[in-house]
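Just below is one structure, and these are the notes that go with it.
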Ligand SMILES: [Cu+2]
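Numbering (this note's numbering), first residue to last: 200 to 355.
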């Protein structure tokens, strides 16, 4: 098996200007991004995970210099309220694509040591059960941005 090159850019097509992607073994990480946030609170990380191989893999953790801890969260509806709940990992089946996006799975950047500013690139290390670890850069969008939109604006 070939060793993966961390940070290898695939240079995706038909994506907004800020789009960027990475490959690690059979796992492709598409457009990791975040939203502008002040220091000392909690930030979030979003991306697309794709398994191009024939064996299931799982995102099982992460870390970032900018945060005290990185957790994997999902959102659940509970009594009509959206709540976040930590999960132990996110399964990526062979051929599957899993979205980490607002309202669903996301990385939680607990205890930001500095503010996330629009257009910053924030290194975050992702750990996969099989593929191993890779450091990707979250492209910071405006507060309230949603996937595939470079501007701010409000959605929902
Ligand atoms: Cu969360």
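C-beta atoms are modelled at their ideal positions from N, C-alpha and C, and glycine is treated no differently.
- The closest heavy atom of ligand 1 lies 6 Å or more from the beta carbon of residue 281.
- The beta-bridge partner set that DSSP reports for residue 277 consists of 280.
- Here the segment 325-343 lies against the segment 216-225, with 3 or more beta-carbon pairs under 8 Å apart.
- In the displayed model, residue 254 falls within coil according to three-state DSSP, outside both helix and strand.
- The criterion of a C-beta distance shorter than 7 Å is not satisfied by residue 243 and residue 309.
- The straight-line gap separating the alpha-carbon atoms of residue 340 and residue 233 is approximately 6 Å.
- Contact check for residue 225 and residue 241: beta-carbon distance about 31 Å, past the 8 Å limit, so the pair fails to qualify.
- Listed in chain order, the non-local C-beta contacts of residue 247 below 7 Å within the same chain comprise 229, 230, 296 and 298, local neighbours out to five positions each way being set aside.
- Rounded to the nearest whole angstrom, the CA to CA distance from residue 315 to residue 235 is 5 Å.
- DSSP places residue 337 in the uninterrupted beta strand (DSSP E) bounded by 331-340.
- Around residue 302, the same chain offers 274 as residues with beta carbons nearer than 6 Å, after the five sequence neighbours per side are excluded.
- If you check the C-beta of residue 230 against ligand 1, you find no heavy atom less than 6 Å away.
- The C-alpha of residue 255 lies about 12 Å from the C-alpha of residue 288.
- Annotated three-state conformation of residue 304 is coil, per DSSP.
- Secondary-structure assignment with DSSP links residue 345 through no beta bridge to anything.
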